[in-house]
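In this note's numbering, the protein residues as written are -14 to 248.
Just so it is clear, CB atoms sit at the ideal spot from N, CA and C, and this is done for glycine as well.
On a predicted model such as this, the values are computed, not experimentally measured, just so you know.
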């Protein structure tokens, strides 16, 4: 029976593992920043290349556009209004070597820079401008971020302010203010109406004083309206005597007709 040469098999296994660990494959959208004994060697990829085991090391970076969510933060606008704002930032690695060497964590650094930039830019505008000119603000923030991250090998392609909303307590305060403003305007309108009515009444009183017969006509008009509503017949007080005389004459005539005649 042949003896198994264990050291030979172990040596073959070690060689296979070394070759396997030395072969690296980088995809088209990736790059590898290679270090040799801690010193920068260069950028590799895409494709296949070899590293010296235990001597060379690499850090892979993704060149595709990445979206990072800037968490909601509370800001104060130029007109001292508190606003909750959240946004997203679109960026990609344009220089893998800078992205790895110049900054410890380029993704986290870009997110924090986006937060501070949003706070600075939105703090310089009024609430109305923030709500109406959101696209313009997106461009301003994107331009500032792109310039600031250029030294990190990062290209910021876009910034989008997703939402800008007022806190609940601020909404209640604005609602109360709006209600107070509506009440104030309503009182002004009512006061104006009362003033106009008092002027008309003063003018009417002056006219009635100059033309006494107008007062009588107004009384008759009012009585007529009341009578129409209640199905009544209105007789002016000045006509009471005539009506009474006519009633007495009618009664005497009826008595005369009913009195028996003598033969």
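Quick one: using the 10 Å Cβ neighbour count with 16 as the cut-off for buried, is residue i buried or exposed?
i: residue 38; result: exposed
i: residue 84; result: buried
i: residue 32; result: exposed
i: residue 173; result: exposed
i: residue 46; result: buried
i: residue 2; result: exposed
i: residue 0; result: exposed
i: residue 52; result: exposed
i: residue 163; result: exposed
i: residue 207; result: exposed
i: residue 122; result: buried
i: residue 76; result: buried
i: residue 55; result: buried
Output the boundary residues of the alpha helix (DSSP H) element that contains residue i.
i: residue 120; result: 119 to 133
i: residue 107; result: 91 to 107
i: residue -4; result: -9 to 7
i: residue 85; result: 81 to 86
Determine the DSSP secondary structure at residue i, reduced to helix, strand or coil.
i: residue 26; result: strand
i: residue 113; result: helix
i: residue 145; result: strand
i: residue 227; result: Reliability fails at residue 227, whose pLDDT of 49 lies under 50, so the model's placement of it is uncertain and the value that follows must be treated cautiously. The answer is helix: DSSP assigns residue 227 an H, G or I state.
i: residue 37; result: coil
i: residue 138; result: coil
i: residue 172; result: helix
i: residue 153; result: helix
i: residue 12; result: coil
i: residue 51; result: strand
Among residues of its own chain, excluding the 5 on either side of residue i, which ones have a beta-carbon nearer than 8 Å to its beta-carbon?
i: residue 57; result: 69, 70, 71 and 148
i: residue 26; result: 19, 20 and 41
i: residue 87; result: 136, 137 and 138
If I measure Cβ to Cβ from residue i and keep anything under 6 Å in the same chain, skipping five residues before and after, which residues do I get?
i: residue -8; result: none
i: residue 14; result: 48 and 49
i: residue 66; result: 112
i: residue 166; result: none
In the DSSP assignment, find the unbroken beta strand (DSSP E) run with residue i in it and report its ends.
i: residue 47; result: 41 to 47
i: residue 62; result: Premise fails: residue 62 is in no beta strand (DSSP E) and is neither H nor E.
i: residue 78; result: 67 to 78
Within a Cβ cutoff of 7 Å, which residues of the same chain sit near residue i, ignoring the five residues on either side of it in sequence?
i: residue 131; result: 140 and 141
i: residue 62; result: 68, 107, 108, 110, 111, 112 and 115
i: residue -14; result: With a pLDDT of only 45 at residue -14, under 50, the local geometry of the prediction cannot be trusted, and no value is derived from it.
i: residue 126; result: 102, 103, 106 and 144
i: residue 30; result: 11, 15, 16 and 17
i: residue 93; result: none
i: residue -2; result: none
i: residue 133; result: 98
Between the options, which has its C-alpha nearest residue i's C-alpha?
i: residue 135; options: 170, 161 and 79; result: 79
i: residue 22; options: 6, 82 and 43; result: 43
i: residue 73; options: 98, 64 and 170; result: 98
i: residue 150; options: 93, 81, 119 and 76; result: 119
i: residue 5; options: -5, 181 and 35; result: 35
i: residue 100; options: 81, 153, 146 and 90; result: 146
i: residue 129; options: 24, 95, 59 and 171; result: 95
i: residue 153; options: 59, -6 and 9; result: 59
i: residue 24; options: 177, 117, 82 and 170; result: 82
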